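S.K.:
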Amino acid sequence: MAPSTNPIVNPEPDSASRRDILSKIIRVGGLSAATVAAGLWLRGRSRRPEEEVAITLKPNFLVSADSRYPQMVVVQGEDPRALVRKALESLGGVRRFIGRGDVVVIKPNIAWDRTPEQAANTNPLAVAEMVRLCLEAGAKKVRVTDVSCNEPRRCFQRSGIASAASAEGAEIVLPEEHLFRQVNLRGDVLGEWPVLEPFIAADKMINFPIAKAHSLTGVTLGMKNWYGILGGQRNRLHQHIHESLADLADFMRPTLTIIDAYRVLIRNGPVGGDLGDVELKKTLIAGTDPVALDAYAAKAFWNIAPETLLYLKLAQDRGLGKMAFDLS
Amino acid sequence: MRSQTLRKIRLASQVIFFGLFIFLLIKTEFHGSLRSATTEIRLPYPVGIFLEADPLIAFCNALSTHALYHGLIWCLLILVPTLFLGRFFCGWICPLGSMNHFFSNFKSERKQGLQRIELNRYKKWQTLKYYILVALLVAAAFGGMVVGVMDPISLAVRSLGLSFLPGINYGLNAFLDGLYNSKLGVLRITSMVLQFVLQALILSFKQPYFRQAFFLGLLFIAIMVLNLRITRFWCRALCPLGALLGFTSRWAIFGMEKHTEKCHDCNRCALHCQGGDDPVPGAPWRKSECHLCFNCVGDCPEDGIKFKFFPGARDTVDRPQLQRRRVFAGVAAGVGLLPLLRSTSGFAVESDPRLIRPPGALAEREFLARCIRCGECMKVCPNNALQPTFLEAGLEGIWTPVLVPRIGYCEPTCVLCSQVCPTGAIWEITPTEKIGSSQGDQNKKKPVKLGTAFYDRGRCLPWAMATECIVCEEWCPTSPKAIYLHPAEMADGQGIVKTVRQPSVDPERCTGCGACEHACPVKDHPAVYITSIGESRSETNQILLRQGGRGKG
C-alpha cells in the first residue's frame, strides 16, 4: 500500500488511532480497577469459619399429673396388643395423654437387624397397637422412628415394626442423613449433638423400649433407649454412660414410657441372636415415671437392686422420677 | 424408506437397552420393604443380567472352571443369534458400545467429512482386539480372570456403578442441600419436592464411597474421549467381547450385499460407519467388524447397500484376517501372564492381612479364577463395606472386593453380594448358611468366618486409658458373644484406682464380621480390628488347631 499523502488522517496505517488507544486504556484500566476492588472486597470478607450453630431447646411432652391414676402399671397376658390396651386403661386411658391434633412420636427400639422372636427390638404388635390408640384418640400424625445401630432399612424391615406400624397408619421415618439437626442438649457430659428431627418436632413423645441385658449398665431399659435419638459418634457415650443417660433422660422427658417385656433378652444383650437367650415374660410396664419403670424392670427380671444403678440415682437427683415404685 | 426405519429401530433398541442397563445398575442396591417384615431380603430385579448374558464372561468362566455358573447360561441369548446374524450385540445392545456411539457423534461432518470417511475405513490395527482376546482366553484357561479388567460390560458396571453413580449422587445431594439451606422459601420447598422425586428415582439411601472411584472414572472418561478422534475406537481396536463376537459372526447367514453397479463413489456409506468394516465400493466388506448399525444403508443415496439373509459372498471377508505370528504372540502373552503375576509373593506365600473377602467367597485361587471385578457386590453392599482392592490381592487381583470394616461391617444375615455375583466367585449362600445353625442344633453347622478380631491394647480405652467403653462387646452379633469382658483394676491419671471391664476375643466364636471394628470409638485407627486369619474359605490361613482347616495341616 502506498504511504498516505494526508498526515492528519493517519501517518502509519498499522498503528492504532487515538480513539483506539483511549478505549483500550479504559478497558484495561476498568478491568484492573474491578480486579483490585474484588480482591479488597473478598479480603474484607475473610472470617474464620464458624461451626454449625446448634439449636438450643427444651422439648416439653409432659401431661399434667393426675392423682386418680397410678404412676406406673405392670400388666401380663398372652396378647401384646391387649397388654397395651390394658396398661393404657389402667393409666387413665389414652386420651389422658394424647389430644386431638397432636403430632405423636413413638420411639421403639429398632436398633438391630433382628427378628421379633430374637427380642432385640421392641415388639411390633405392641407398637402397632399404640399407633392405633393414638390415632383413635385423635392424633394428627403418629411417627415411628429410631436411629438404628445396624443398617436402618434392614432393622426397620426385619424387626417387623415398620410394616406393623404403617399398617395402622403410622408414618415411618428412616434416619436419613439430612434429617439430623445439631442440638445443644445442655447436659453434664452431652453438649452439641445431632438429633433426628422428629424427636424435637413433636407434641407428644412415647418412649417404647424393650427390656434387655446390657454389660455396661446391667440392663437396657427406658432411659437407654434415648441413645436412639442421636446421630454422630454416639459410641463415645459409653465412657460416661450413667451421666449420659441422665442427660438424655433430662432432655427428653416423655409423655409416657412403655417397657415391652413380652420377650426379654436375658443374656447376650443388647443384640442377642440366639433364641436360647430369650425368655417369655408376657409383661408390659407402662407409666409416667421413667425412673420407677427402669427400677422395677431391673429388679423384676434381673434382680438388680435399683440403688446399684448409678444412672437411676443421677436421674432421681435431677428430679426425673423416683426409684421407689409403688404397685398398689 | 425402509432403510431409515431400520436405523430408527436400531437407535430405539440402543436407547431401551441402555436405559435398562442403567435402571438395573441403580437397582443394584438394597431397598428393603417397610410394608412387609417377612419379605426375603433379595433384590427384586435380575440386576446382573447384562453380565450373565455376556458371552465373553461365560467363555472365560467355562475355560477357567470347566463349568458354567448359574445364570451365565443366559449368554446363549447373545451367542446363538450372533451365530446367525453377526455382531448385532455391539450395535444394538451393548451399553458401553452405545455410549461410545453417542460420543462418536461429536465430530463435525461439514468440516471433517472427508477425514471421517477416511478414518472410518478398515484399518489393520483393528485386529489388535483379536490378539488381546487370544491372550485373555489363554490366561483364563490357566485360571486367571484378568478378562474382567477389559470386558466391556464389567467395565461399564464397575466404572458407572462405583464412580459415576456415586458421583452423581453426591452432586445431587449437594445441590439439594444448597437449595434447602437457602433463605428463599420457594427454593426450600422445591428442594423438598425434588428430594422426594429423586429419592424414588436415583438417590442412594446413604452416600456411597469407593476407593479409586476417581481413577476408575478417569479411565472410563479416557475411553469416551477416544471417540472424539476415532469413532468407537474402543469397540474397533480393544474390545475383547467385540473380538469374540467378530470370530463368532464368521458363520452368520445374514450380511451385506453391495450393489456397486448403482454406486457413484460418493463414499457416504462410510461417513457414519461404526465398525470400520468398509461398506464402500472397491474394498471387501469386513463381516467380523460390522456392528449391523445400518447407517450405511440409510446413508446410501442410491439404495445400493442391502442387508439380507444369504447375501452374495462376493466382496466379503467373512473372518478377521490375523497374522499367525501375532496370534502366537497373544498365546504367549496369555501363557506368560499368570506365571509372571504369581511369581511375586502373592496369595500363595503371603497375603495382605487386611484382605478380607466377602462372605461366601471361595478360596483365593478359586476366587481369582472367577471374579471379573464387575463391582456388583460392592455396589449392592448395604453398608458400603466392600471396596475394590488396589494391590492387596496382588496386581492380578486388582479391583476385586475387599471388606473394609472401618467403612462398614458385614451385616450378619445379609447375603446380597453372594446373590448378585454373576460368576460364583462369591458362591451363593443363604442367611442360615452364613450365620450357622444355633447352639442347640444337633448337626451344628459353623458360621461363615471372614477373619478374626484382635485388640490393640495400647489404643483400647479400658486397656490403656482406664476408661469404661464396651461398645465392641455391645455390637458383637454372635451368641454367646465372641467378645467377653473381664473386670480389672486400673489407675487413672490422678492415681485413682478404678474397675473397668477389659474386652478380649474368643477366636472360636468370632466370625470376623467387623462390627466391633466399625463401632470402636477410636475412630481413626481402631483399637479392635479384623484380619483375615481364620477365614473359613482358606485351609491354610488358620490359627486354631481345632477349628482351622478341618484338622488338616
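For the record, the sequence lines run as chains A and B.
Here the first sequence is numbered in the numbering used here, starting from 1 and rising by one per residue.
Here the second sequence is numbered in the numbering used here, starting from 1001 and rising by one per residue.
Ideal placement from N, C-alpha and C gives every residue a C-beta, glycine not left out.
Small disclaimer: the values here were computed from a predicted structure and weren't measured.
Please state whether the Cβ-Cβ distance between phenylalanine 1254 (chain B) and glutamine 1387 (chain B) is less than 8 Å.
M.R.: No, the pair does not count as a contact, with Cβ atoms beyond the cut-off.
S.K.: Can you tell me the Cα-Cα spacing of tyrosine 69 (chain A) and methionine 130 (chain A), whole angstroms?
M.R.: Rounded to the nearest angstrom, the two C-alpha atoms are 19 Å apart.
S.K.: With 8 Å set as the bound, which would you pick, yes or no: does the beta-carbon of asparagine 1564 (chain B) sit closer than that to a beta-carbon of chain A?
M.R.: In the structure displayed, chain B extends from 1001 to 1553; residue 1564 (chain B) sits before or after that span and is not available.
S.K.: With which residues is isoleucine 1153 (chain B) paired in a DSSP beta bridge?
M.R.: Isoleucine 1153 (chain B) is not bridged to any residue.
S.K.: Alpha carbon to alpha carbon, how far is threonine 56 (chain A) from leucine 190 (chain A)? Give it in angstroms, no decimals.
M.R.: The alpha-carbon atoms of leucine 190 (chain A) and threonine 56 (chain A) are separated by roughly 13 Å.
S.K.: If you draw a straight line from the C-alpha of glutamate 50 (chain A) to the C-alpha of alanine 1174 (chain B), how long is it?
M.R.: Their backbone Cα atoms lie some 19 Å apart in a straight line.
S.K.: Out of curiosity, what's the CA-to-CA distance linking glutamate 1302 (chain B) and leucine 1271 (chain B)?
M.R.: So the alpha carbons of these two residues sit roughly 15 Å apart.
S.K.: Spell out the partners DSSP gives serine 1504 (chain B) in its beta bridges.
M.R.: In DSSP, serine 1504 (chain B) forms a bridge with B:Tyr1484.
S.K.: Please return the same chain residues whose Cβ sits closer than 6 Å to the Cβ of glycine 1551 (chain B), not counting the five positions on each side in sequence.
M.R.: Caution is warranted here: a pLDDT of 47 is assigned to glycine 1551 (chain B), below 50, making its placement in the model unreliable, and no coordinate value can be reported.
S.K.: Cβ closer than 7 Å: which chain B residues qualify as neighbours of asparagine 235 (chain A)?
M.R.: Within chain B, the residues near asparagine 235 (chain A) are Val1471, Ala1519 and Pro1521.
S.K.: Look at serine 1064 (chain B) and alanine 1141 (chain B) and say whether their C-beta atoms are less than 8 Å apart.
M.R.: In contact: serine 1064 (chain B) and alanine 1141 (chain B) (Cβ atoms closer than 8 Å).
S.K.: Counting only C-beta atoms, is arginine 1354 (chain B) closer than 8 Å to chain A at any point?
M.R.: Chain A contact via Cβ: absent.
S.K.: Take every Cβ of the segment 1365-1378 of chain B, pair it with every Cβ of the segment 1480-1488 of chain B, and state whether three or more of those distances are shorter than 8 Å.
M.R.: No, because fewer than three Cβ pairs between the segment 1365-1378 of chain B and the segment 1480-1488 of chain B fall closer than 8 Å, the two stretches do not touch.
S.K.: Closer than 8 Å by C-beta to glutamate 1474 (chain B): which residues in its own chain qualify, once you throw out the five before and the five after it? Chain order, please.
M.R.: Excluding positions up to five away in sequence, the list reads Ala1519.
S.K.: Can you list, in chain order, the residues of the segment 209-233 of chain A whose Cβ is nearer than 8 Å to any Cβ on chain B?
M.R.: Taking 8 Å as the Cβ-Cβ cut-off against chain B, the residues of the segment 209-233 of chain A that qualify are His214, Ser215, Leu216 and Gln233.
S.K.: What does lysine 1444 (chain B) reach in chain A if we use C-beta pairs closer than 7 Å?
M.R.: Within 7 Å Cβ-Cβ: nothing; lysine 1444 (chain B) doesn't reach chain A, min ~12 Å.
S.K.: What are the partner residues of threonine 1316 (chain B), as DSSP defines its beta bridges?
M.R.: Threonine 1316 (chain B) is bridged to B:Trp1285.
S.K.: Give me, in chain order, the residues of the same chain whose beta-carbon lies closer than 6 Å to that of valine 1497 (chain B); leave out the 5 immediate sequence neighbours on both sides.
M.R.: If we look at valine 1497 (chain B) and ignore the five residues flanking it on each side, its Cβ neighbours are Glu1489 and Ala1491.
S.K.: Taking 8 Å as the threshold (beta carbon to beta carbon), is alanine 1037 (chain B) in contact with chain A?
M.R.: Yes, alanine 1037 (chain B) counts as interfacial toward chain A.
S.K.: Using the Cβ count rule (16 or more neighbours within 10 Å means buried), how would you classify proline 1405 (chain B)?
M.R.: That one is buried.
S.K.: At the level of alpha carbons, what is the spacing between leucine 1216 (chain B) and phenylalanine 1390 (chain B)?
M.R.: Whole-angstrom Cα-Cα distance: 11 Å.
S.K.: Within the chosen definition, does the segment 1145-1159 of chain B reach the segment 1394-1405 of chain B through at least 3 CB pairs nearer than 8 Å?
M.R.: Counting Cβ pairs under 8 Å, three or more are found: they touch.
S.K.: I believe arginine 196 (chain A) touches phenylalanine 180 (chain A) by the beta-carbon criterion, under 8 Å. Please report the beta-carbon distance rounded to the nearest angstrom.
M.R.: Contrary to the premise, residue 196 (chain A) reads as leucine rather than arginine in this sequence. Sure, about 6 Å apart at Cβ, within 8 Å.
S.K.: The alpha helix (DSSP H) that contains tyrosine 1131 (chain B), what's its start and end?
M.R.: Residues 1128-1141.
S.K.: For isoleucine 172 (chain A), return the contacting residues in chain B, with the cut-off set at a CB-CB distance below 7 Å.
M.R.: The answer, in chain order, is Leu1034.
S.K.: Are the CB atoms of threonine 145 (chain A) and valine 173 (chain A) nearer to each other than 8 Å?
M.R.: In contact: threonine 145 (chain A) and valine 173 (chain A) (Cβ atoms closer than 8 Å).
S.K.: Can a CB atom of chain A be found closer than 8 Å to the CB of leucine 1341 (chain B)?
M.R.: No - not a single Cβ of chain A is within 8 Å of the one on leucine 1341 (chain B).
S.K.: Taking Cβ to Cβ, would you say histidine 1291 (chain B) is nearer than 8 Å to glycine 1019 (chain B)?
M.R.: Taking 8 Å as the Cβ cut-off, histidine 1291 (chain B) and glycine 1019 (chain B) do not qualify as a contacting pair.
S.K.: Strictly by DSSP, which residues pair up with glycine 287 (chain A)?
M.R.: BP columns for glycine 287 (chain A) point to A:Met72 and A:Thr257.
S.K.: For the beta strand (DSSP E) that glycine 218 (chain A) lies in, which residues bound it at each end?
M.R.: Where glycine 218 (chain A) is concerned, the enclosing beta strand (DSSP E) stretches over 218-220.
S.K.: If contacts are defined as beta-carbon pairs under 8 Å, then serine 1163 (chain B) and alanine 1213 (chain B) qualify, I think. What distance do you get, rounded to the angstrom?
M.R.: Yes, serine 1163 (chain B) and alanine 1213 (chain B) are in contact; Cβ-Cβ is about 4 Å, under 8 Å.
S.K.: Check whether the segment 1097-1106 of chain B touches the segment 1218-1233 of chain B, counting contact only when three or more Cβ pairs, one atom from each stretch, lie closer than 8 Å.
M.R.: Segments in contact, yes.
S.K.: May I ask you to list, following chain order, the residues of the segment 1398-1416 of chain B that have a beta carbon less than 8 Å from some beta carbon of chain A?
M.R.: Answer set for the segment 1398-1416 of chain B: Glu1411, Pro1412, Thr1413 and Cys1414.
S.K.: For glutamine 233 (chain A), I'd like the list of residues in its chain whose CB is within less than 7 Å of its CB, leaving aside the five on either flank, ordered along the chain.
M.R.: Around glutamine 233 (chain A): no qualifying Cβ.
S.K.: Less than 8 Å between CB atoms is the rule here; does asparagine 109 (chain A) satisfy it with respect to chain B?
M.R.: Not an interface residue.
S.K.: Identify which residue in B:Trp1234, B:Ile1230, B:Pro1166 and B:Tyr1180 has its Cα closest to the Cα of leucine 1203 (chain B).
M.R.: The shortest Cα separation from leucine 1203 (chain B) among B:Trp1234, B:Ile1230, B:Pro1166 and B:Tyr1180 belongs to B:Pro1166.
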